[in-house]
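For what it's worth, the working numbering labels the leading residue of the sequence shown as 45, then goes sequentially.
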Amino acid sequence: MLFVDNGDVDTFFHLSTGGENPFWSIGGDSDALRLGGSVDCSDIACKLNPVDAAKIRSLTTEPQEVPCSLTFYGQQFDVILVGRRIAENKWRGIASARSLLKTMNALVGEIDGRAYYGTR
């Protein structure tokens, strides 16, 4: 069993998948979320609760964030899944301990010379 606390999601992802932002995917009517170091690799998996599975299945083709709780090795982790629907019954993206879209929007705002305050 891995002894990783909820505040160290990056370390857990790195130890389990080889990176801090693993790829995730779900397909069909399965509630199994697969995480891996590459798009085609599943290093670890967990069962999604029905609410989080429904949130993921509501994703469109535009990238969105879905905060959810995942349980691995009996330990609960609060993560953010950033992803989209890639086919009729397939969703994919990357997992993170923090909001990637807000970080990305802030960076784009800085590059464009405008401040980003998280209100867009």
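We put the beta carbon where it would ideally sit given N, CA and C, even for glycine.
Selected residue, minimal CA-CA separation from residue i, among the options
{"i": "Arg78", "options": "Ile138, Arg142 and Ser143", "result": "Ile138"}
{"i": "Gly32", "options": "Glu106, Ala141 and Arg136", "result": "Any answer about residue 32 is impossible in this case: the structure gives the chain only from 45 up to 164."}
{"i": "Asp52", "options": "Arg128, Asp122, Ser82 and Ile70", "result": "Asp122"}
{"i": "Lys99", "options": "Ile124, Gln120 and Tyr117", "result": "Ile124"}
{"i": "Thr104", "options": "Ala141, Ser82 and Asn133", "result": "Asn133"}
{"i": "Leu92", "options": "Glu109, Ser82, Ser102 and Ile70", "result": "Ile70"}
Buried or exposed (CB count within 10 angstroms, at least 16 for buried), residue i
{"i": "Val95", "result": "exposed"}
{"i": "Ala131", "result": "exposed"}
{"i": "Leu114", "result": "buried"}
{"i": "Gly80", "result": "buried"}
Three-state secondary structure (DSSP) of residue i
{"i": "Asp54", "result": "helix"}
{"i": "Ala141", "result": "coil"}
{"i": "Ser69", "result": "strand"}
{"i": "Leu103", "result": "coil"}
{"i": "Leu92", "result": "coil"}
Opposing strand residues paired with residue i [DSSP bridges]
{"i": "Asp122", "result": "Ser113"}
Anticipated Cβ contact below 8 angstroms, residue i with residue j, distance rounded
{"i": "Pro107", "j": "Val126", "result": "6 angstroms"}
{"i": "Asp87", "j": "Thr61", "result": "4 angstroms"}
{"i": "Ala89", "j": "Ala76", "result": "5 angstroms"}
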